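Sequence lines, in order, name chains A and B. Mind the numbering: the first sequence is residues 400 to 655 in the working numbering, read in order. Mind the numbering: the second sequence is residues 548 to 836 in the working numbering, read in order. Note that the Cβ used here is the ideal one computed from N, Cα and C, for glycine as well. Quick caveat, the model's predicted, so the values are computed rather than measured.
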Amino acid sequence: MFADSLYKTGKYFEASVWYERMLYNNSNIQSNYTAIVGKLKCLKKQQQYQQAADFIKRTNDNEFPDSIRSQLLYQQVLCLYLAANFESCISQIKQINYLYPQFNNMMLQLLQILSLNELKRWSEASRQYENFIRNYFPADSAIIQNPYNHLPKLKSENTAQWLSTFLPGAGELYAGKPFEALASIVFQGAAVYYGIISWQEKYYFSAWFVGAGLFASFHNGGVRRSEKLVQIYNKKQVMRFNEKVKNQLTDLMSKE
Amino acid sequence: MKNSYFTLNILILFLLPFFSSAQNNFSNDIKFVQYLADKEMYKEAVYVLQNVDTNKISFNQKDTLHYQLGWMLYNLKELEPSANNLLKVSNQNNYYLKSRNFAAYNFAYLGHTDSAKNIYDSIESKDSVLRELKNFELAGIALLERDTAKFSKLQHNFTYSSYTFANEEKKIEQYYKEISQFKHKSPFLAGLYSAVLPGAGKFYAGKKMQAIGAFLPIISTAILTYEAYRKGGVSSARFITYGSVFTIFYVSNIWSSVIAVKVRNNDFNKNYNNKILFSMHIPLRNFFN
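See the structure below:
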């Protein structure tokens, strides 16, 4: 088939057009299924995950037997997850569970847990995780530690701001960046020092405009920076936790 | 003679299925392109059209091919290749007028107003509505070129009678009035004002907050420089440092005031060009779709 040969040579866009043409010709169910799978592979190779999910949505899956429909719905959910469209991913899984409970499987549940994690909806994720272990790994359920018992401890942006306001560098230190804290102290200290020296030498304008002005700038910058650092710290913690859950679940599934 | 006639007939009979197959292939291609366009898959449609073997299709089909290619490229906002394809549509094709009008619009959008005018010059409109449409589009182009004399001449032909562009005729007239009333400010004066009073040039350019933002640091550095000069003299490190900072701020402010006026004028022109182009576009879509 021409589309397949284009796909094999890495011409994914061209191949996807020919697969679309197969769908347009609508000759029989088998050929339509081949076209859908082919086009889906092309879109995934081009990392067009949202387009892939939209493409499955617009295909007429009613003509296919249940085994194929469940595969297509799973691919749609997977593409939504890969497109980082987590809300839609969860909503699609819920829709499948409601309309086609027979299609619910391990992979859909796994994607639901991972999507909930990405949205930091950990209490829902924890419930799903427990169900998942109970349904698919009942033998291990006693020994597997629930990672949601040790949720990442996130730091407060407000605390960091308050610390930096009253104690230069303390916000950065709280966010886990001692060198940035030191730099903040040095810059603010230098500005204050310059201001005092200028005042003593009777350079009053220099003391105010340069000394106090620079101090205010460094101080405000320090407050904003400590808030940003806490955001970065929290993001890393969340990513680390999500990665841990992901690894634990994929390890379990690979053992099966 | 009879023999050669017979051979020719046999040859035609032999080639007919191939010719008919090429015709069918093209017709299928066009149907597939329509299917893709309905799904807004214009990039895919362009790929299909670009792969049509032009040696195997008739003159009329080539027209269809160019029209479809031009239209799909237009939807992809690739206006120059779109216009070039639309211009290849011959006057025997049903889409000739639409192709010409949209090719002209594409060129007007790209700022090639001379090409747009040349296209309209080549269109002979017998129908009164089409004539008025042409007049309206030419008036739009004149306004894009800020040729107000030509615009007012063309404006006299507005009848406001066709529902497809009566509203746009009124709007474009309003734009003409607003453009005529707009006072272009002088970059030279902006620079001069800022040299006399830091920030004044920006105030003149209509950027009041920027004016205050420029005035305060320049005055502050001026005071610092003066203080350093009074206490330490010309050769003191403080005077040299603050003096340099002041000079940089002062000169930069003059230059940025000049730029601010240019930006203001450009923003105004860009904003009105977009409005004019939008008004020129609506009648084309109403009339030809």
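- Per DSSP, the unbroken alpha helix (DSSP H) holding Gly570 (chain A) starts and ends at Ala569 to Tyr573.
- The residues Asn653, Tyr656 and Leu657, in chain order, have a CB closer than 7 Å to that of Leu626 (chain B) in the same chain once the five nearest residues on each side in sequence are set aside.
- Of all alpha-carbon atoms in A:Val591, A:Ala589, A:Gln511 and A:Ala606, the one lying nearest the alpha-carbon of Ser597 (chain A) is that of A:Ala606.
- Using a Cβ-Cβ distance cut-off of 8 Å, the segment 471 to 484 of chain A and the segment 493 to 513 of chain A are in contact, since at least three pairs of beta carbons, one from each stretch, lie closer than that value.
- The residue among A:Tyr480, A:Asp465, A:Glu486 and A:Leu481 with its C-alpha nearest the C-alpha of Pro500 (chain A) is A:Asp465.
- Neighbours of Ser605 (chain A) in chain B, taken as residues whose beta carbon is under 9 Å from its own, are Leu771, Glu774, Ala775, Arg785 and Tyr789 in chain order.
- Sequence-ordered contacts of the segment 748 to 770 of chain B with chain A read Ser767 and Ile770 [C-beta pairs closer than 7 Å].
- Here DSSP, grouped into helix, strand and coil, assigns Met619 (chain B) to helix.
- Using a CB distance cut-off of 9 Å, Lys717 (chain B) does not count as an interface residue toward chain A.
- Taking the C-beta atoms as reference points, Lys609 (chain B) is found nearer than 9 Å to Lys635 (chain B).
- Comparing alpha carbon positions, the residue from B:Val810, B:Ile604 and B:Ser708 closest to Leu680 (chain B) is B:Ser708.
- Under the 8 Å Cβ criterion, the segment 568 to 581 of chain A does not count as touching the segment 641 to 655 of chain A, having fewer than three qualifying pairs.
- Nearest Cα to Leu736 (chain B) within the set B:Tyr642, B:Gly746, B:Thr601 and B:Phe729: B:Gly746.
- If you ignore the 5 residues before and after Ser733 (chain B), its C-beta comes within less than 8 Å of the C-beta of Val808, all in its own chain and listed in chain order.
- Annotated three-state conformation of Phe536 (chain A) is coil, per DSSP.
- Leaving aside the five residues that flank Gln508 (chain A) on each side, the residues in its chain whose CB is nearer than 6 Å to its CB run, in chain order, Phe531.
- Contact between Ile823 (chain B) and Ile719 (chain B) holds, since their C-beta atoms are separated by about 6 Å, short of 8 Å.
- For the 9 Å CB-CB criterion, Tyr740 (chain B) and Tyr723 (chain B) do not form a contact.
- Here Lys624 (chain B) carries a coil assignment [DSSP, helix/strand/coil].
- The beta carbon of Ser583 (chain A) sits closer than 6 Å to those of Pro567, Gly568, Glu571 and Gly621, all from its chain and outside the five residues before and after it, given in chain order.
- Taking 4 residues as the minimum length, the alpha helix (DSSP H) runs contained wholly in the segment 652 to 692 of chain B are 660 to 669 and 675 to 691, in order along the chain.
- Annotation for Val599 (chain B): no alpha helix (DSSP H) segment contains it, and DSSP assigns it neither H nor E.
- Per DSSP, reduced to three states, the secondary structure at Asp694 (chain B) is coil, with no helix or strand assignment.
- Contacts between Val781 (chain B) and chain A, judged by CB atoms closer than 7 Å, are missing: the closest CB pair is about 16 Å apart.
- Contact of Phe412 (chain A) with chain B is assigned, a C-beta pair being separated by under 9 Å.
- Within 7 Å of the CB of Tyr582 (chain B), the CB atoms of chain A belong to Tyr423, in sequence order along the chain.
- At the C-beta level, Asn800 (chain B) and Lys754 (chain B) stay beyond 9 Å of one another.
- When rounded, the separation of the alpha-carbon atoms in Phe614 (chain A) and Thr564 (chain A) is 12 Å.
- Taking Glu556 (chain A) as the centre and dropping the five residues before and after it, the same chain places the C-beta of Glu626 and Val629 closer than 6 Å to its C-beta, in chain order.
- In the structure shown, Leu550 (chain A) adopts coil according to DSSP, grouped into three states.
- Taking CB atoms only, Tyr592 (chain A) has no neighbour in chain B less than 9 Å away.
- Proximity to Asn682 (chain B) across B:Asn648, B:Asn602, B:Ser662 and B:Ala769 peaks at B:Asn648, based on C-alpha coordinates.
- Ala482 (chain A) sits in coil when the DSSP states are folded into three classes, being neither helix nor strand.
- The beta carbon of Pro546 (chain A) is closer than 8 Å to those of Tyr528, Phe640, Lys643, Val644 and Gln647 in its chain, skipping five residues each way along the sequence.
- Taking one beta carbon from each stretch, the segment 437 to 453 of chain A and the segment 411 to 424 of chain A have 3 or more pairs nearer than 8 Å; the two touch.
- The residue from B:Val599, B:Leu690, B:Gly779 and B:Leu771 with its alpha-carbon nearest to that of Phe825 (chain B) is B:Leu690.
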